[in-house]
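Numbered according to this note's numbering, the sequence shown spans residues 1112 to 1384.
Scroll down for the structure; my scribbles are underneath it.
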Amino acid sequence: MVVPEGFVVPPWYLLVPVVVILGGVIALLWALEPPVTDRTVLSFAPWMLFGSSLHVLYKLDAFPATIEPLFSAPMVYAVTAVVAGLAWIVAIFLHVGGLQPTIARFVGISGTAFFTVFAMFAIFQSIELGTFAPFWPVVSVIVAGILTAIAWLVLGLWFTDVAATTGMTGALVVFGHTLDGVSTAVGYDVLGASENVPLSLLILEAGKALPTAGVIGAGWLFVLVKVGLAMVILGLFREYVEERPRQARTLLALVAAVGLGPAVHNTLLFMVG
């Protein structure tokens, strides 16, 4: 099994409406055919963070019991997609009506606002409880930024066409998965956090079995795998981005979300918990 433990299926009266609404949002976006560029993908990065903040609040028991299952995994992904998709639709109509200069601007600003409100709620709650601990999360972000810069430099020097073609979308993919790797390594080696994804746990245990574990910990192998995997994916997507940029960037945005979402979840949870 590669599915994380703790997946919760909400009651049908919550599940069905969300699935129906999500299907409607996807269908409407399919009909509208909005452009998907580097700016579009970057504008959705705050929405990926928003979804992470919702799940962190779920783990902090911040939601009423009646709606709490909506923010469990994997339901929180659908809820986030619904809200972000609706924001995208609103942005399209505002742009067509001349009320917004670009679609990406409204999507990015609204996503940032949503994430900021919910993340600050979690932080304020942790400050009141005396559990606020930002040191290692901040270290994780800094280290991930440095490693991303190095990885992107490698792509730029030896695989110039990959970096130039995937652009900022590719950089977001690399950063998201690098931060996921670093935050997981910090949690596993430093903070004593457990890992629920069987495949990730297998890699961490492999790193723990190496002679270097006593010196630099077990998580470095997981970081290496995550960074390498992100770069390989970008290499495989290069031609696809050239031939069908809209579809390819949409898929790369999902790849970025798979890394950035869990990464920010780890970082924010370690900070407040």
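Using N, Cα and C, we set each Cβ at its ideal position, and we do this for glycine too.
- The Cβ-Cβ distance between Ala1202 and Arg1216 falls below 9 angstroms.
- Taking all protein chains in view, the Cβ of Thr1295 is crowded by 16 or more other Cβ atoms within 10 Å, so the residue is classified as buried.
- Judged by DSSP in its simplified three-state form, Asn1377 adopts helix.
- Of all alpha-carbon atoms in Gly1325, Ala1304, Leu1335, Leu1139, the one lying nearest the alpha-carbon of Met1382 is that of Ala1304.
- With fewer than 16 other Cβ atoms from the protein chains shown falling within 10 Å of its own Cβ, Pro1146 counts as exposed.
- Scanning its chain for C-beta atoms nearer than 7 angstroms, with the 5 sequence neighbours on each side dropped, one finds around Ala1255 the residues Phe1286, Thr1289, Leu1290, Val1293, in chain order.
- Less than 9 angstroms separates the beta-carbon of Val1273 from that of Arg1349.
- Residue burial annotation: Tyr1124 is exposed, with fewer than 16 other C-beta atoms found within 10 angstroms of its C-beta.
- Between the alpha carbons of Leu1181 and Val1190 lies a distance of about 7 angstroms.
- Only residues of its own chain outside the window of five on either side were considered, and among them Val1187, Tyr1188, Thr1191, Gly1372 have a CB closer than 7 angstroms to the CB of Gly1162, listed in chain order.
- Cβ contact annotation for Pro1185 (same chain, cutoff 8 angstroms, sequence separation greater than five): Phe1118, in chain order.
- With a contact defined as Cβ atoms closer than 8 angstroms, Asp1300 and Ala1262 miss out at about 21 angstroms.
- Restricting attention to Leu1139, Leu1165, Ser1221, the CA atom closest to the CA of Ser1183 is found in Leu1165.
- In terms of Cα proximity to Val1336, the closest of Pro1356, Leu1310, Arg1355 is Leu1310.
- Taking the Cβ atoms as the reference, Ala1233 lies roughly 5 angstroms from Val1167, within the contact range of under 8 angstroms.
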